[in-house]
Amino acid sequence: MYKTILTGVVAAAMSSFALTAHAADVTLNLSNEYSANSVHGQGDQYFADLVAEKTDGSVEIVVHYGGALGYKSADHFDAVGVGALEIADTYGGALGGIDPIFLVSSLPFLTTTLDEAELLYGASEPALKEVFEENGQILLYASPWPPSGLWGKAPLNTVEALSGVKIRTYDKNGTTAFNSLGAAAVRLSWADVVPSISTGAIDAVLTSAELGAATSFWDYFDHYSEIYQYSIPVNLVHMSKTVFDGLTEEQQAAILEAAAETRDRNWAAIPQMVEQTYADLDEHGVTIVQPSGPEFQAQLQDAGKLALDEWLESAGETGQAIIDDYMSKVSQ
């Protein structure tokens, strides 16, 4: 397991926080790479508002959107671990280099519904919590993205259409799957996506319809291709344990209650959000492309199996136990 090492200076700073955090008013910073109007941006503000309400204003969470603090999702784990950030909202797959367990929610075509995605998260949550705990952090809650598809300038609903297309993927799973289908897939952090579109470095983007709409992707693309619920990945909201321990018991309880309520709200919000997003795409002239048929579906599933096999090799017994647990629950 990956282990963050605190420097003396940072450790001293965090100890200082622990001594002073019992004051009536505490301000905590929450970093998010995505925009304020994205599903997770909205969820973060909901969480911050709940914490303020439940603590009678004694804990203020200031949400910084769009990577405003200079952190991408891949930076959040270390930043929270060493105390540079108190809280972060992080796309799980961006932490795949720390531990392959973080890639589980984005395994292609493993989940086909929101209920299945929640079952997969439930199977993986204990292992995810363990990684955070070993690195001085608390996993507060996880929230899903809407299903992923492909934004592009033409339909991308056959293997032939994917051939040679420079597709932005969000983690190793996507790069493995789409390269096996003949695309030229490249992993990019969200902050790098729009600049790469503008310079022609990529031709298409793997992401949700919702996040593309929140970023006005219709300024660049006029097609959104559904690909059989490619995946329903999750973001993880995690907090420094030193900072958490420095709060009063009442403040800690309020944060955990707010986290649980935000989690439930965010999972429940996805269906209506997808419906509204599709209406927005229609209003802006974006064509929603359906998959081409059983042959394409089988080819996609083969690509997903390749990514799963690679992931299981790296995730070992822990990964296999998660998949076994998930499959047993899906079959019930």
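Count the sequence shown with the UniProt record's numbering and you get residues 1 to 332, in order.
Positions of the beta carbon are idealized from the N, C-alpha and C atoms, including for glycine.
Just to confirm, are Pro146 and Ile270 a CB contact at a threshold of 7 angstroms? In the sequence shown, counting from the first residue as 1, residue 146 sits at position 146. In the sequence shown, counting from the first residue as 1, residue 270 sits at position 270. Contact flag set, yes.
Given a cut-off of 7 angstroms on the beta-carbon distance, is the pair Ala214 and Ser35 in contact? Indexing the sequence shown from 1 puts residue 214 at position 214. Indexing the sequence shown from 1 puts residue 35 at position 35. Yes, the Cβ-Cβ distance between Ala214 and Ser35 is below 7 angstroms.
Let's see if you can read the secondary structure: which residues bound the alpha helix (DSSP H) around Glu283? The residue labelled residue 283 in the question sits at position 283 within the sequence shown. Counting along the chain, the alpha helix (DSSP H) containing Glu283 begins and ends at Glu249 to Glu283.
Between the segment 84 to 91 and the segment 292 to 303, do at least 3 Cβ pairs fall closer than 8 angstroms? no
Could you tell me if Ile323 is buried or exposed, where buried requires 16 or more neighbouring beta carbons within 10 angstroms of its beta carbon? Working through the sequence shown from its first residue, we reach residue 323 at position 323. Buried, since its Cβ has 16 or more Cβ neighbours within 10 Å.
Just how far apart, CA to CA, sit Asn135 and Asp75? In the sequence shown, counting from the first residue as 1, residue 135 sits at position 135. In the sequence shown, counting from the first residue as 1, residue 75 sits at position 75. So the two alpha carbons sit approximately 14 angstroms from each other.
Give the DSSP-derived three-state secondary structure of Pro291 in the structure shown. Within the sequence shown, numbered from 1, the residue matching residue 291 stands at position 291. Coil.
Roughly how many whole angstroms lie between the Cα atoms of Lys54 and Ala258? Translated into the one-based positions of the sequence shown, residue 54 becomes position 54. Translated into the one-based positions of the sequence shown, residue 258 becomes position 258. Distance between the alpha carbons of Lys54 and Ala258: 8 angstroms.
Straight-line gap, Gln320 to Lys305 (C-alpha atoms, nearest Å): Indexing the sequence shown from 1 puts residue 320 at position 320. Indexing the sequence shown from 1 puts residue 305 at position 305. Cα to Cα, the separation comes out at about 14 angstroms.
Please list, in chain order, all residues of the same chain as Gln137 whose beta carbon is under 7 angstroms from its beta carbon, the five residues on each side excluded. For the purposes of this step, residue 137 is taken as the residue at position 137 of the sequence shown. Val80, Gly81, His238, Met239, Ser240 and Lys241.
Rank Leu256, Ala52, Leu110 and Ser38 by C-alpha distance to the C-alpha of Asp25 and give the top, closest one. By one-based count along the sequence shown, residue 25 stands at place 25. Among Leu256, Ala52, Leu110 and Ser38, the Cα nearest to that of Asp25 is on Ala52.
Between Gly167 and Tyr224, which are expected to be in contact by the criterion C-beta below 8 angstroms, what is the C-beta distance as a whole number of angstroms? By one-based count along the sequence shown, residue 167 stands at place 167. By one-based count along the sequence shown, residue 224 stands at place 224. A quick correction: the sequence has Ile, not Gly, at residue 167. In fact, because the Cβ distance is near 13 angstroms, the residues do not count as touching under 8 angstroms.
Going by DSSP, what residues sit across from Lys166 in a beta bridge? Within the sequence shown, the letter at position 166 stands for residue 166. Bridge partners of Lys166: Ala184.
Let me make sure I understand the geometry here. Which of Ala161, Val131, Ile255 and Ala94 has the alpha-carbon closest to that of Asp171? Walking along the sequence shown from the start, residue 171 turns up at place 171. Ranking the options by Cα distance to Asp171, first place goes to Ala94.
In the DSSP assignment, find the beta strand (DSSP E) that holds Leu211 and state where it starts and stops. Start at 1 with the first residue of the sequence shown, and residue 211 comes out as number 211. Unbroken run through Leu211 is the alpha helix (DSSP H), Ala209 to Ala214; no beta strand (DSSP E).
Measure the beta-carbon distance from Gly92 to Ala191 and round it to whole angstroms, keeping in mind my assumption that it falls under 8 angstroms. As a position in the sequence shown, residue 92 is number 92, starting the count at 1. As a position in the sequence shown, residue 191 is number 191, starting the count at 1. Incorrect: roughly 17 angstroms between the Cβ atoms, too far for contact.
Scan the segment 134 to 178 and note each continuous beta strand (DSSP E) run of 3 residues or more that stays entirely inside, going in chain order. 137 to 144, 148 to 152 and 166 to 169
Does the distance from the C-beta atom of Asp204 to that of Leu150 stay below 7 angstroms? Residue numbering aside, residue 204 sits at position 204 when the sequence shown is read from its first letter. Residue numbering aside, residue 150 sits at position 150 when the sequence shown is read from its first letter. It should be pointed out that residue 204 corresponds to Ala in this sequence rather than to Asp. In this structure, Leu150 lies closer than 7 angstroms to Ala204 by Cβ.
Run through the segment 80 to 129 for me and flag every whole beta strand (DSSP E) of 3 or more residues, listed as ranges in chain order. 87 to 91
If you drop the 5 nearest sequence neighbours on each side, which residues of the same chain put their C-beta closer than 7 angstroms to that of residue 339? Here the chain covers residues 1 to 332 and nothing more, so residue 339 does not appear.
Compute the distance between the beta-carbons of Gln229 and Thr112, then report whether it is under 7 angstroms. Start at 1 with the first residue of the sequence shown, and residue 229 comes out as number 229. Start at 1 with the first residue of the sequence shown, and residue 112 comes out as number 112. Contact flag set, yes.
Go to Ser31, then tell me how far its beta strand (DSSP E) extends in each direction, as first and last residue. Here residue 31 corresponds to residue number 31 of the sequence shown, with the count starting at 1. Note, Ser31: beta strand (DSSP E), Val26 to Asn32.
Thr175 versus Glu250 - alpha carbon distance: For the purposes of this step, residue 175 is identified with residue 175 of the sequence shown, where counting begins at 1. For the purposes of this step, residue 250 is identified with residue 250 of the sequence shown, where counting begins at 1. Approximately 45 angstroms between the Cα atoms of the pair.
Report buried or exposed for Pro126, applying the criterion of at least 16 other Cβ atoms within 10 angstroms of its Cβ. The residue you call residue 126 lines up with position 126 of the sequence shown. Pro126 should be labelled exposed.
Distance, Cα to Cα, Tyr121 vs Lys153? Numbered from 1 along the sequence shown, position 121 holds the residue referred to as residue 121. Numbered from 1 along the sequence shown, position 153 holds the residue referred to as residue 153. The straight-line gap from Cα to Cα measures roughly 33 angstroms.
Which residue's Cα is closest to the Cα of Val234: Leu128, Leu181, Gly70 and Asp282? Within the sequence shown, numbered from 1, the residue matching residue 234 stands at position 234. Closest option to Val234, Cα to Cα, is Leu128.
So, is Ser328 buried or exposed, given that buried needs 16 or more other C-beta atoms within 10 angstroms? For this step, residue 328 is matched to residue 328 along the sequence shown. Exposed.
With a cut-off of 7 angstroms, does the C-beta of Ile288 fall near any C-beta of chain B? Annotation note: the requested chain B is absent from the structure, which comprises a single protein chain.
Whole-angstrom distance between Phe109 and Leu256, CA atom to CA atom: Stepping through the sequence shown from its first residue, residue 256 is reached at position 256. Stepping through the sequence shown from its first residue, residue 109 is reached at position 109. Those two C-alpha atoms are separated by around 32 angstroms.
Among residues of its own chain, excluding the 5 on either side of Ser73, which ones have a beta-carbon nearer than 6 angstroms to its beta-carbon? Along the sequence shown, read from residue 1 onward, the residue named residue 73 stands at position 73. The answer, listed in chain order, is Glu33, Thr90, Tyr91 and Ala94.
So, at 8 angstroms on beta carbons, what are the nonlocal neighbours of Glu210 in its own chain, with the 5 sequence-adjacent residues on each side left out? Within the sequence shown, the letter at position 210 stands for residue 210. Excluding residues within five positions, the ones whose Cβ falls inside 8 angstroms are Ser38, Val39, Trp145, Pro146, Met273, Val274 and Thr277.
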